[in-house]
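Participant:
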Amino acid sequence: MPACVIATAGTVNTGAIDDLEAIANLCASEGLWLHVDGCIGALLAIAPQSRTLVRGIERADSIALDPHKWLHAPFEVGCALVRDAKAHLCTFKVTPEYLENAPQGIASGAWLHDFGLQTSRGFRALKVWMALKEHGVAKFGRLIEQDLAHARYLTEQINAAPHLELCLPTSINIVCFRCNPGGLSEPELKKLNIEIMVRMQEAGVAAVSDTSIRGRHCLRAAINNHRTRRVDLDILVDQVASLGLALNAGIVGARN
Ligand SMILES: Cc1ncc(COP(=O)(O)O)c(C=O)c1O
27 MPACVIATAG TVNTGAIDDL EAIANLCASE GLWLHVDGCI GALLAIAPQS
77 RTLVRGIERA DSIALDPHKW LHAPFEVGCA LVRDAKAHLC TFKVTPEYLE
127 NAPQGIASGA WLHDFGLQTS RGFRALKVWM ALKEHGVAKF GRLIEQDLAH
177 ARYLTEQINA APHLELCLPT SINIVCFRCN PGGLSEPELK KLNIEIMVRM
227 QEAGVAAVSD TSIRGRHCLR AAINNHRTRR VDLDILVDQV ASLGLALNAG
277 IVGARN
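Take the position in the sequence shown, starting the count at 1, then add 26; the result is the number in my numbering.
(1) Under 7 Å Cβ to Cβ from residue 154, same chain only, skipping five residues before and after it: list those, please.
(2) Measure the C-alpha to C-alpha separation of residue 269 and residue 199 and round it to an integer number of angstroms.
(3) Do residue 90 and ligand 1 come close, with the Cβ less than 7 Å from some heavy atom?
(4) Report, in whole angstroms, the separation of the C-beta atoms of residue 266 and residue 193, which I expect to be a contact under 8 Å.
(5) Which partner residues does residue 44 have in the DSSP bridge list?
(6) Can residue 132 be considered in contact with ligand 1, in the sense that its beta carbon sits closer than 7 Å to one or more heavy atoms?
(7) Taking 7 Å as the cut-off, does the CB of residue 37 come closer than this to any heavy atom belonging to ligand 2?
(8) CB residue 43 to CB residue 50, shorter than 8 Å?
(9) Is residue 63 near ligand 1, judged by its Cβ being under 7 Å from some heavy atom?
(10) Compute every distance between the C-beta of residue 230 and the non-hydrogen atoms of ligand 1, then say whether any falls below 7 Å.
(11) For a test of the three-state rule: what should DSSP assign to residue 203, helix, strand or coil?
(12) Closer than 7 Å by C-beta to residue 62: which residues in its own chain qualify, once you throw out the five before and the five after it? Chain order, please.
(13) Is the CB of residue 222 under 8 Å away from at least one CB in chain C?
(14) Tell whether a beta-carbon distance below 8 Å holds between residue 254 and residue 189.
(15) Can you name, in chain order, every residue of its own chain whose Cβ lies under 7 Å from the Cβ of residue 71, other than the five neighbours on each side?
(16) Cα-Cα, which of 108, 272, 151, 146 is closest to residue 221?
(17) Based on the DSSP secondary-structure assignment, which residues constitute the bridge partners of residue 59?
(18) I believe residue 219 touches residue 180 by the beta-carbon criterion, under 8 Å. Please report the beta-carbon distance rounded to the nearest angstrom.
(19) How far does the alpha helix (DSSP H) with residue 193 in it extend, from its first residue to its last?
(20) To the nearest whole angstrom, what separates the beta carbons of residue 234 and residue 247, a pair I think is in contact under 8 Å?
(21) Going by the DSSP bridge assignment, what does residue 288 pair with across the sheet?
(22) Taking Cβ to Cβ, would you say residue 173 is nearer than 8 Å to residue 249?
(23) Below 7 Å, is the gap between the Cβ of residue 104 and the nearest heavy atom of ligand 1?
(24) On the premise that residue 207 lies in contact with residue 251, defined as a C-beta separation below 8 Å, what is that separation, rounded to the nearest angstrom?
(25) Does DSSP put residue 53 in a helix, in a strand, or in coil?
(26) Please report how far the alpha carbon of residue 14 lies from the alpha carbon of residue 165, in whole angstroms.
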């Protein structure tokens, strides 16, 4: 008997988002627990114009999200939100004799370790609380919109560049693309683009990563830095194209 459906709000590779509303409807009619993996995209819910991308997430029974991604918290602070506090406690609460609750004193408070597996735990929540107090939710929402706008801009520049190829439509802040000068096989394209990526990383130009989508290798730009400007994206596009053409023409020798 299935008990739970795990929907994704933002995949690692491409940022793709499931139809959360449809999945929530299914879970409601089948009596299934709905968990949303929103480590990448749950915080779209605070973006003023783009929150509709995760419509339905508010119906989840539980959500995983990573404040060290779109809330800009220092690494790491993963977070799980569970709607039903009683179910949450019943799952994890273990009360050895030395941690029994008391009607008064320090032991009269709620034990945070009852909400998870760890007993000794760091105070990770402090940095999230402080950032929210200092900047407020609205500012983080605006920064998410800024990243999305940057990703749309980068996508436009890639589409306009003759030797660059978008590997699939951009859905959030993740842009998958590659240099394709023409006439190269898939393995040759992979070799070329890895060389471009490594050269840019080592020169300190841009820190793109790479991945494969439906068997096609591509570069992956995940735009998450509040200091990123359009000019940085222009440099990225220019570097990928010029390095790719130079490497392909043998002007710049590829290393072994
Ligand atoms: C989509 C997604 N789910 C889950 C996670 C959390 O994984 P972990 O807690 O192992 O870092 C991540 C982390 O990067 C992620 O991107």
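All residues carry an ideal CB built from backbone N, CA and C; glycine is no exception.
Facilitator: The relevant details are as follows:
(1) 93, 97, 99, 103
(2) 24 Å
(3) yes
(4) With a Cβ gap of about 13 Å, residue 266 and residue 193 do not count as contacting.
(5) Paired residue(s): none; residue 44 is not in a bridge.
(6) No.
(7) No copy of ligand 2 appears in this structure; the ligands present are ligand 1.
(8) no
(9) yes
(10) no
(11) strand
(12) 33, 35, 46, 68, 83, 86, 89
(13) Here there is only one protein chain, and chain C is not present.
(14) Contact: no.
(15) Residues of the same chain with a CB within less than 7 Å of the CB of residue 71, apart from the 5 flanking positions on each side, are 77, 80, 83 in chain order.
(16) 272
(17) Residue 59 has 30 as its beta-bridge partners, per DSSP.
(18) No, residue 219 and residue 180 are not in contact; Cβ-Cβ is about 16 Å, not under 8 Å.
(19) Unbroken run through residue 193: none, as it is neither H nor E.
(20) 5 Å
(21) Only positions 27 to 282 of the chain appear in the structure, and residue 288 is not among them; the question remains open.
(22) yes
(23) Yes; taking the cut-off as 7 Å, the Cβ of residue 104 has a heavy atom of ligand 1 nearer than that.
(24) No, residue 251 and residue 207 are not in contact; Cβ-Cβ is about 29 Å, not under 8 Å.
(25) Residue state, collapsed to three classes: helix.
(26) As displayed, the chain neither begins before 27 nor continues past 282, which places residue 14 out of reach and without an answer.
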